[in-house]
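Have a look at the structure below, then the notes.
Residue numbers (our numbering), protein chains in the order written: chain A, 1 to 94; chain B, 95 to 188.
Structure below.
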């Protein structure tokens, strides 16, 4: 069982009020030195069987069609070796 | 300017209705072989100055105090080399 992570973030040119709210709150709360915050979504998909090119292409399609709104959001698909492991491959960035 | 990524996910024992909704929708939409989906949040922080141990400790504290609800959520802090680069270090997982 492999884990594939899909990160969905607003495109850089799209205003991110959630991230801005966090960024503006930090100095008030005593944390300086954070110049920008962007907030996005992270999906962890558990995939049955091997994560080959076909599976990744399918997940790429899922991400493009359902998980991200590609008009305003970018997404990236990463394969994780196992639970808690770091990313082993950055497969697609759109 | 360095980018630090904070991933916030519900703890494994906490029910994730958002992720479940995605997982149940996929077969209906023609995508088989995804056995589980968990949805979480991803914060990208732009940090002024070097990302040394002190800065990371501060970001860890921000994540623990404001970005994650540690009663029901786990978080991880990762340093990214630059825009679009992969994670270079997994610094903390709680």
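For glycine and all other residues, C-beta sits at the position ideal for the given N, C-alpha and C.
Just so you know, these numbers come straight off a predicted model, no measurement behind them.
query                                                                                         : result
Proximity below 8 angstroms, CB of residue 102(B) to CB of residue 167(B)                     : yes
Anticipated Cβ contact below 8 angstroms, residue 99(B) with residue 136(B), distance rounded : 7 angstroms
Interface residues of chain B facing residue 20(A) [CB-CB closer than 9 angstroms]            : In chain order: nothing, as chain B lies at least about 12 angstroms away.
is_contact[residue 109(B), chain C] using C-beta, thresh 8 angstroms                          : The chain labelled as chain C is not found among the protein chains of the depicted structure, namely A and B.
Chain A within 8 angstroms of residue 152(B), Cβ atoms only                                   : yes
For residue 98(B), the first and last residue of its enclosing beta strand (DSSP E)           : 96-104
Burial state of residue 138(B), where buried means 16 or more other Cβ atoms lie within 10 Å  : buried
Paired residues, beta bridge with residue 73(A) - DSSP                                        : 10(A)
Any chain A beta carbon closer than 8 angstroms to residue 137(B)                             : yes
Distance, residue 18(A) Cα to residue 154(B) Cα                                               : 19 angstroms
Limits of the unbroken beta strand (DSSP E) element including residue 37(A)                   : 34-47
Closer than 9 angstroms at the beta carbon, the chain A residues around residue 123(B)        : 62, 65, 66
For residue 79(A), three-class secondary structure by DSSP                                    : strand
Exposed unless 16 or more other CB atoms sit within 10 angstroms - verdict on residue 109(B)  : exposed
Candidates 116(B), 95(B), 106(B), 96(B), of which the one nearest residue 165(B) by Cα        : 106(B)
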